[in-house]
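Structure record follows, encoded as structure tokens.
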Amino acid sequence: PPEDSTRMGPHVATLGGASLTLNPASAVQLASLEGLDPSLARTLVQARPADGWATVQDFLELPLLQGREVRAPGLAVDSRFFRIHLLAELGDRRLHLASDLRLEQDGHLRVLRRQVLPSPSTTE
Numbered sequence: 001p002p003e004d005s006t007r008m009g010p011h012v013a014t015l016g017g018a019s020l021t022l023n024p025a026s027a028v029q030l031a032s033l034e035g036l037d038p039s040l041a042r043t044l045v046q047a048r049p050a051d052g053w054a055t056v057q058d059f060l061e062l063p064l065l066q067g068r069e070v071r072a073p074g075l076a077v078d079s080r081f082f083r084i085h086l087l088a089e090l091g092d093r094r095l096h097l098a099s100d101l102r103l104e105q106d107g108h109l110r111v112l113r114r115q116v117l118p119s120p121s122t123t124e
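Using the UniProt record's numbering, the first residue of the sequence shown is number 1, and each one after it goes up by one.
What follows is the structure, given as structure tokens:
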């Protein structure tokens, strides 16, 4: 429903053709899957292996998910999308640049977006 999209807004970014990447997903993101509620999603995050799930099938075969309607399409355990933060200082000037990248099938990186962000404060 539309109200779910509004509620999820701060927790997701939509990219065409992208899957929900299970290994870094938060409980809020996992709870967006059909058949999962927030309590089960929190339990899944706590039970996630330190190195993440090796495959989507490993995730789907968890005893916690037996009898649930969670399906493999749209799920992944790794991502082809990355965000790089560049922090540059020259004298008293600072620049914080964020670049969103996609790793293409041929191994090349494609820049999807670049954005100048507010510079973090330096209290060190």
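All C-beta atoms, glycine included, are put in the ideal place defined by N, C-alpha and C. Values in this document were obtained by computation on a predicted structure and should not be read as measured data.
Check: Are Arg-102 and Arg-83 close, meaning C-beta to C-beta below 8 Å?; Outcome: no
Check: With distances taken from CA atoms, which of Ser-39, Val-116, Thr-55 and Leu-22 is nearest Ala-88?; Outcome: Val-116
Check: Between Ala-76 and Leu-22, which are expected to be in contact by the criterion C-beta below 8 Å, what is the C-beta distance as a whole number of angstroms?; Outcome: 7 Å
Check: If the criterion is Cβ atoms closer than 8 Å, does the pair Leu-36 and Val-70 meet it?; Outcome: yes
Check: Using the rule of at least 16 other Cβ atoms within 10 Å of the residue's Cβ for burial, across every protein chain shown, is Ser-5 buried or exposed?; Outcome: Low local confidence applies: a pLDDT of 47 at Ser-5 is under 50, so the model's placement there is unreliable, with the coordinate-based value given in what follows. Answer is exposed; the Cβ neighbour count stays below 16.
Check: For Ser-39, name the three-state secondary structure that DSSP assigns.; Outcome: helix
Check: With 16 other CB atoms within 10 Å as the buried threshold, where does residue 131 fall?; Outcome: Outside the shown range of the chain (1 to 124) lies residue 131, about which nothing can therefore be said.
Check: Please state if the CB of Ala-27 and the CB of Val-56 are separated by a distance shorter than 8 Å.; Outcome: no
Check: Which residues mark the beginning and the end of the beta strand (DSSP E) in which Val-116 is found?; Outcome: 109-117
Check: From what residue to what residue does the beta strand (DSSP E) around Ala-88 run?; Outcome: 81-90
Check: With a CB to CB cut of under 6 Å and the five nearest residues on each side skipped, what residues in its chain are close to Gln-105?; Outcome: none
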